[in-house]
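Reviewing the structure listed below.
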Ligand code: PGA
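Given below as structure tokens:
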């Protein structure tokens, strides 16, 4: 079912004491959407021991089930610690860890096998947008997963134009809506039209309302602005 969702991606930021403080502050807020916090792995279990009203997401999981992968965290481990969501395919991992659509599909499978909900990120670089091939490129990222996953389980899709992430440059509501509408049509061809599609990329309190008002935008995946409770909660109240 399409739901309004705001998810905060803290990335590799915040110390343990600041994390606790930020979560407590977020928890005191009110909002009219599903709220998800993707904090660093280290803090996830600290959060599950509290009775927070928001949900938790991992920022990543390993693509294998278990085994000799020093330093990695599996979907099974996350699920066993009560984590409900996992971000996969973020452009920073595609770029810095060379993650491919094949690998991301394996991660999708691992999450689904463990009854977790993937938050699948897709998005184009500036070069691809300037070449005019962005709609097809992003659709192919999505199709690869849907064509090759073991079970086409429910998931959340996040469109994050790479040129807008952490740059202060946001896609205009029209640019974002055009892509979201295109992705919705792809989802419809897989009978997945009820999937929530989030926009990500320099989403802030000042532009969230206009973005979320677009027909095919169901919320946001928020990086920088999720590191302050005030701005994160303001975005979560922008529907
Ligand atoms: P940003 O990051 O809001 O800081 O642009 C978004 C993301 O990477 O998820």
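Residue numbers (the numbering used here): -6 to 232.
All C-beta atoms in this analysis are idealised placements derived from N, C-alpha and C, irrespective of residue type, glycine included.
Residue i burial status per 10 Å Cβ neighbour count (16 or more: buried)
i, result
"residue -5", "exposed"
"residue 144", "exposed"
"residue 39", "exposed"
"residue 63", "exposed"
"residue 1", "buried"
"residue 61", "exposed"
"residue 170", "buried"
"residue 59", "exposed"
"residue 211", "buried"
7 Å CB neighbourhood of residue i in its chain, flanking five on each side removed
i, result
"residue 100", "54, 56, 81"
Simplified DSSP assignment, three categories, for residue i
i, result
"residue 33", "coil"
"residue 231", "coil"
"residue 236", "The shown model of the chain, from -6 to 232, leaves out residue 236, and the question about it has no answer."
"residue 107", "coil"
"residue 147", "coil"
"residue 45", "coil"
"residue 62", "coil"
"residue 89", "helix"
"residue 220", "coil"
"residue 74", "coil"
"residue 212", "strand"
"residue 2", "strand"
"residue 79", "strand"
Whole-angstrom distance between residue j and residue i, CA atom to CA atom
i, j, result
"residue 33", "residue 7", "8 Å"
"residue -1", "residue 182", "26 Å"
"residue 219", "residue 24", "14 Å"
"residue 128", "residue 190", "15 Å"
"residue 123", "residue 117", "10 Å"
"residue 114", "residue 74", "23 Å"
"residue 12", "residue 36", "7 Å"
"residue 121", "residue 154", "10 Å"
"residue 103", "residue 142", "10 Å"
"residue 202", "residue 10", "31 Å"
"residue 31", "residue 149", "14 Å"
"residue 16", "residue 79", "18 Å"
"residue 132", "residue 48", "28 Å"
Contacting residues, own chain, Cβ-Cβ under 6 Å from residue i (five flanking each side not counted)
i, result
"residue 156", "119"
"residue 180", "186, 188"
Problem - Uninterrupted alpha helix (DSSP H) stretches inside the stretch 134 to 194 (no shorter than 4 residues) - result: Within the stretch 134 to 194, the alpha helix (DSSP H) runs of at least 4 residues that lie entirely inside it are, in chain order, 166 to 182.
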